[in-house]
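Order-wise, the sequence lines are chains E and A. Heads up: the first sequence begins at 1 in my numbering, then just goes up one per residue. Heads up: the second sequence begins at 1001 in my numbering, then just goes up one per residue. Below is one structure; the comments refer to it alone.
Number of protein chains: 2
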Amino acid sequence: MSSFFTLLRAAASAHRSQLCVGLDPDPEVIPGGAAGALKHCLQVVQETQDLVCCYKPNSAFWEQYGPEGMAALAELRTRIDGSLPLVYDAKRGDFDHTSAAYARAAFDVLGMDAITLNPYLGADSLKPFTERGERGCYVICRTSNPGAADLQHRDVEGQPLYRRVADLAQELNQAGNLGLVIGATAPSQIAEVRASSDLPFLIPGVGAQGGDLDASVRAAWNGEADSCLISASRGVIYADSPRRAARELRDRINHVLGRQ
Amino acid sequence: MSSFFTLLRAAASAHRSQLCVGLDPDPEVIPGGAAGALKHCLQVVQETQDLVCCYKPNSAFWEQYGPEGMAALAELRTRIDGSLPLVYDAKRGDFDHTSAAYARAAFDVLGMDAITLNPYLGADSLKPFTERGERGCYVICRTSNPGAADLQHRDVEGQPLYRRVADLAQELNQAGNLGLVIGATAPSQIAEVRASSDLPFLIPGVGAQGGDLDASVRAAWNGEADSCLISASRGVIYADSPRRAARELRDRINHVLGRQ
């Protein structure tokens, strides 16, 4: 199979798009349980698949439907064209055997192409994922919620903790399959990490969380097709027209990048 | 319903036991897929239920079986006596709406009594769990793997990061339903955190991970029935006699506590 980042770069290029759409079904908004969630998300995919470079389902929103939700998530992967990779936003990270079981669940059972990882347990908790070289691994670095300040911004030996996490991801990037998650609410921090890292960035927080799209794109972009992945969820999947919402975001990003 | 910590203290007292058994099925060891995993774990429960104060299934080991594994985990809860609480070792923690969905999945769909949480995203990522006052929340503080040193031991404004996490959990403990996870490989750090915190401690890492049982119990115990919960998994559930293995651990802990 092609590696996640190979697929991602090819889709970004083919669709002239740095946009990732989060597929996070909400039972308060979408009727019909897990089947309704799958149907809604597949409709969004049908409307947006030529406008994005990947999709990002967050595990929590599927887990809340119980076993049927997990079956729907696995089916979602099989029903989206294989040229469009899926990033499993699961923020996993545990002891070695346990992380290996999570990697099997994400990559082999659910068929996901990439995963987001929580670094708090350290390098050995990430390795069972990163060793799967054909899969992508995005390490949570600096998140877009207010609570990010509680630990991530703490000064660790002269620099904020999230900088140490960026260094840890760089050190683990033996197979060239690592990236970082940095929220769009922190463009100055995106620039700060970009100054010392060429890892691909996944940037959520545009839209509902009030992140600054233009500044985030300028801060993250380094000329590589995978350097800046902008993720939006509710603003697209619950829009009156998901297609129009996705197109506006894609075009806005391209405008900032000087692509006409 | 009774709160998690009420159930835990009652079971600890009734069974004279500080032992938690991890229910982490391994498909390489147990035949028969998810049904085999459920059957094996229920057999372990039948042999050990009068010797423990709770059980701790780790989500990864059930997720690796796919949707059937999650259905088996939900069934596990319904088939264990309600007086014995289950701690869902899932190490979750995400943005507000996402954490709320994880809380629904853990507490409402799977019926778990408590959960382990990863603090890296900060206080607002933990609140959707801690607000469910009748459920227990164990925040990962200092883990028992070698990688713990990568971030958790970093000096943050004069103290290691895990001390800051312990303070964060203390601040969030409005409803009296928080605890900390501290590995048995670090008895001196257990003592250090205990010196400034009366939160309940959940201590994994005894057995396969080489933690020091006696020193960990002495360091954690403060006289409260929930102050020191010792968790063992593989050493019990794959023992020739899970009952004998659980009894030996329970009795060893009681010996350290001076209980005859």
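By construction, the Cβ of each residue, glycine as well, lies at the ideal position given by its N, Cα and C atoms. As the structure is a prediction and not an experimental result, all values here were calculated from the model.
Closer than 7 Å to chain E by CB, residue i
i, result
"Leu-1038/A", "no"
"Gln-1043/A", "no"
"Tyr-1102/A", "yes"
"Ser-1125/A", "yes"
"Leu-1168/A", "yes"
"Met-1070/A", "yes"
"Thr-1130/A", "no"
"Thr-1185/A", "no"
Euclidean distance between Cα positions of residue i and residue j
i, j, result
"Glu-28/E", "Ile-237/E", "14 Å"
"Asp-89/E", "Val-21/E", "12 Å"
"Leu-249/E", "Arg-9/E", "18 Å"
"Cys-1137/A", "Ala-1148/A", "20 Å"
"Asp-24/E", "Ala-1239/A", "42 Å"
"Val-1109/A", "Asp-167/E", "38 Å"
"Arg-1247/A", "Thr-1048/A", "8 Å"
"Ala-1012/A", "Ser-1231/A", "13 Å"
"Ala-1184/A", "Ile-1190/A", "8 Å"
"Asn-1254/A", "Asp-1212/A", "15 Å"
"Ala-100/E", "Pro-128/E", "5 Å"
"Ser-1002/A", "Glu-1134/A", "7 Å"
"Leu-38/E", "Ser-83/E", "19 Å"
"Val-165/E", "Asp-1226/A", "34 Å"
"Val-52/E", "Asp-1155/A", "41 Å"
"Asp-1198/A", "Leu-126/E", "31 Å"
"Thr-6/E", "Trp-1221/A", "53 Å"
"Trp-62/E", "Ile-80/E", "16 Å"
"Glu-1075/A", "His-1097/A", "27 Å"
"Arg-1218/A", "Pro-1160/A", "22 Å"
"Ala-1060/A", "Arg-259/E", "43 Å"
Beta-carbon proximity check, residue i vs residue j, cutoff 7 Å
i, j, result
"Arg-1142/A", "Ala-1186/A", "yes"
"Val-1139/A", "Ala-1169/A", "yes"
"Gly-122/E", "Leu-1151/A", "yes"
"Tyr-1102/A", "Asn-118/E", "no"
"Thr-130/E", "Leu-172/E", "yes"
"Cys-54/E", "Pro-85/E", "yes"
"Asp-1124/A", "Asn-58/E", "no"
"Met-112/E", "Met-1070/A", "no"
N- and C-terminal bounds of the alpha helix (DSSP H) containing residue i
i, result
"Phe-5/E", "4-14"
"Ile-1182/A", "Counting along the chain, Ile-1182/A falls outside any alpha helix (DSSP H), though it belongs to the beta strand (DSSP E) covering 1178-1182."
"Val-193/E", "187-194"
"Gly-33/E", "33-48"
"Tyr-162/E", "161-172"
"Asp-214/E", "213-220"
"Val-1256/A", "1242-1256"
Neighbour flag for residue i against chain A, beta carbons, 7 Å
i, result
"Tyr-120/E", "yes"
"Gln-174/E", "no"
"Arg-154/E", "yes"
"Gln-64/E", "yes"
"Ala-60/E", "yes"
"Leu-151/E", "yes"
"Val-109/E", "yes"
"Gly-147/E", "yes"
"Pro-67/E", "yes"
"Thr-78/E", "no"
"Thr-48/E", "no"
"Ala-35/E", "no"
"Ala-105/E", "yes"
Host beta strand (DSSP E) of residue i (start-end)
i, result
"Gln-139/E", "Note that residue 139/E corresponds to Val in the displayed sequence, not to Gln. Element bounds for Val-139/E: 136-142."
"Phe-1201/A", "1201-1203"
"Ile-230/E", "228-232"
"Tyr-55/E", "54-57"
"Thr-1098/A", "Counting along the chain, Thr-1098/A falls outside any beta strand (DSSP E), though it belongs to the alpha helix (DSSP H) covering 1096-1103."
"Arg-154/E", "First-last for Arg-154/E: undefined, no H or E at that position."
"Arg-92/E", "87-92"
"Ile-115/E", "114-117"
"Leu-126/E", "Per DSSP, Leu-126/E belongs to no beta strand (DSSP E); it is in the alpha helix (DSSP H), 123-130."
Exposed unless 16 or more other CB atoms sit within 10 angstroms - verdict on residue i
i, result
"Ala-273/E", "This structure does not reach residue 273/E, given that chain E is present from 1 up to 260, and the question cannot be answered."
"Arg-132/E", "buried"
"Asp-1094/A", "buried"
"Pro-31/E", "exposed"
"Thr-78/E", "exposed"
"Ser-1241/A", "exposed"
"Gly-179/E", "buried"
"Ala-195/E", "exposed"
"Ser-1188/A", "exposed"
Listed by chain order, chain C residues near residue i by CB distance under 8 Å
i, result
"Gly-1093/A", "Among the chains of the structure shown, chain C does not appear; the protein chains present are E and A."
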